[in-house]
Amino acid sequence: MSEMPHPTVAEVTGLALRRGQGRHVARALPEEVPVAVVCNGTTQAVMMASPADLEDFALGFALSEGFITDPAQIERLEIADHAQGIEARLWLDAERAEALAARRRAMAGPVGCGLCGIDSLDQATRPLPHLPAPGWTMTPTALLGAAEALRAHQPIHDRTLGVHAAGFVAPDGTIRLAREDVGRHNALDKLIGALRRAGIDPAGGAVVMTSRLSMELVQKTVVAGVPVLAAVSVPTGYAVRLAEAAGLTLVGCARGGGLEVFTHPARIETGENDVA
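The sequence shown lines up with residues 0 to 275 when you count with numbering that gives the first Met the number 0.
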């Protein structure tokens, strides 16, 4: 079933006030829609998301949240439109469905919060694998160039100035895939799903994001097997500690010709001429 036409952008009017003067203006705003992730008929999560690339989102979310460990465990995936929102329906094989039923969690995630509704504190600090050395490095110049080039992959942001983006970057700085969403966690899940659907090895590049780096973004990146996570903003302290323990290279403040490497800097080349 193909995705239904929920609009990604709303056209509205408002009153702009500048220096004591008012005028009516037209404004494009990003839309958000409740998207229910449903596995074998049972709702596992309801997220507010941009209604685009939802098959990527469903696959990426299922992988990063541990509902599945391999896309082959999904027998069928369909997107169903309803007046009140959208269902991403995943039909899992019997073994995985039984395992998921044993750990089902009721989870409601509003924009900007990926932990609302979890059952216990233990779920917020789930164990993570330790990432192996990828066998490649990036220059700061390549990483900074990718952070800048990500702007060209944000058509919804160009219209609304109100969504996040996540891009997958080759070691030379080339952006291979990018996805947008009103929620930074959703943008990353869409990217993870798109990588798996395209058959691209997550270990072969870095993720660059437009947001701050929270602990859940670190969790999702590590579970996906991506060894480098970078963003234009700062990470949280918890995100740094988690990245250090999991072997993830965490890079913040990638803008204005500079960046800050918080964990596992060996994956970033540090020659004195790398950064302008």
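Using N, Cα and C, we set each Cβ at its ideal position, and we do this for glycine too. Every value quoted in this text rests on a predicted model; they were computed, and no experiment measured them.
Asked	Found
Bridge-paired residues (DSSP) for residue 157	The partner list for residue 157 (beta bridge, DSSP) is empty, contrary to what the question assumes.
Range covered by the beta strand (DSSP E) that runs through residue 85	84 to 91
Unbroken alpha helix (DSSP H) run spanning residue 240, endpoints	236 to 245
Residue range of the beta strand (DSSP E) that includes residue 261	257 to 262
Which residues DSSP lists as bridging residue 20, in chain order	17
Environment of residue 220 [buried if 16+ CB atoms lie within 10 Å]	buried
Status (buried if at least 16 other CB within 10 Å, exposed otherwise) for residue 276	For the chain, the structure presents residues 0 to 275; residue 276 sits outside this window and is missing.
Beta-carbon separation (whole angstroms), residue 248 vs residue 213, contact threshold 8 Å	No, residue 248 and residue 213 are not in contact; Cβ-Cβ is about 17 Å, not under 8 Å.
Nearest residue (CA-CA) to residue 143, options 18, 81, 230, 22	230
Residues near residue 6 by beta carbon distance below 6 Å, same chain, minus five either side	30
Residues near residue 63 by beta carbon distance below 7 Å, same chain, minus five either side	188, 191, 219, 222, 223
C-alpha gap between residue 162 and residue 153, whole angstroms	8 Å
Every unbroken alpha helix (DSSP H) inside the stretch 50 to 83 [4 residues or more]	53 to 63
Delimiting residues of the alpha helix (DSSP H) encompassing residue 187	183 to 197
Inter-residue spacing [alpha-carbon to alpha-carbon] between residue 148 and residue 40	40 Å
Neighbourhood of residue 113 by C-beta, 6 Å cutoff - its chain only, sequence neighbours within 5 removed	Annotation note: pLDDT 46 at residue 113 (below 50); position unreliable, no value reported.
Sequence-distant residues of its chain with Cβ nearer than 7 Å to residue 10 (five each side left out)	25, 27
Stretch pair the stretch 127 to 140 + the stretch 72 to 79: three plus CB contacts closer than 8 Å	no
Anticipated Cβ contact below 8 Å, residue 32 with residue 85, distance rounded	6 Å
Whole-Å CB distance - residue 55 paired with residue 193, under 8 Å assumed	4 Å
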